[in-house]
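Under the numbering used here, think of the first position of the sequence shown as 1, with each following residue one higher.
Heads up, the thing below is written out as structure tokens.
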Amino acid sequence: MERIISVLVENKFGVLARVAGLFSARGYNIESLSVAPTMDPTTSMITIVTSGDDPVIEQIMKQLNKVIEVMKVVDLTETSHLDRETALIKINTNTKTEHRDEAIRICEIFRAKIVDSSPSTYTIEVTGDVDKVEALINMLKPLGIKELIRTGRIAIAREAAKTQSRRELQVAKA
């Protein structure tokens with residue numbers, strides 16, 4: 001089962017290597033990895049997409065928590081969350097004019113952008129959930145994908161909807 005694990009770490013040299021080494025040393029695969037500083041420049045957020053059954057994920061999370069620079073580990077799969085991925089897709093457009101028109105139509109449907117154009121190619125940018133990115137790629141395959149680059153997934157937990165008490169609602173109406 002696919003899991004998205006969010007790891008808040010100290011933004012220090014070698015932390016990513018230790019986290020990735022933990023996975024390789026135990027034979028676990030990282031399907032996607034994204035790292036960037038947070039609003040606090042002394043911390044970074046690592047988003048890891050991996051797979052495994054509950055005992056394997058539990059073991060991964062325990063091992064991550066043992067890394068000194070790790071501040072917090074959350075399995076986002078178990079919570080309400082948003083996740084996104086970005087892809088840049090270069091397609092051939094020099095074969096037929098219809099291909100250029102079809103590429104533009106497909107981009108409009110998926111709210112993707114053509115970010116570069118040459119006489120022989122379009123480079124398309126798309127951001128969305130994995131299903132959206134995969135669907136766009138599948139639609140563009142018949143046009144001839146020349147090159148494809150995908151980011152790792154990023155994810156963030158949703159905030160729980162706050163339920164207001166009757167008293168809070170009465171105050172808000174006043």
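Think of the CB as a built atom: it goes at the ideal place given N, C-alpha and C, for glycine as much as any other residue.
Note that this is a predicted model, so its numbers are computed, not measured.
For residue 125, the CB contacts under 6 angstroms within the same chain, skipping 5 residues up- and downstream, are 88, 113, 115 in chain order. The shortest CA-to-CA distance from residue 72 to any of 5, 151, 150 is the one to 5. CA-to-CA, the gap between residue 58 and residue 154 works out to about 21 angstroms.
Uninterrupted alpha helix (DSSP H) stretches at least 4 residues long and entirely within the stretch 48-84 occur at 54-66, given in chain order. In terms of CA proximity to residue 19, 48 leads the group 98, 48, 158, 137.
Exposure of residue 42 is indicated by the presence of fewer than 16 other C-beta atoms within 10 angstroms of its C-beta. For a cut-off of 8 angstroms, the C-beta gap from residue 65 to residue 37 is around 21 angstroms, too long to register as a contact. Exclusion of the five residues before and after residue 122 leaves 91, 93, 103, 114 as the residues of its chain whose Cβ lies within less than 6 angstroms of its Cβ. Under the three-state reduction of DSSP output, residue 41 falls in the coil class, being neither helix nor strand. For residue 113, the uninterrupted beta strand (DSSP E) run begins and ends at 113-117, by DSSP.
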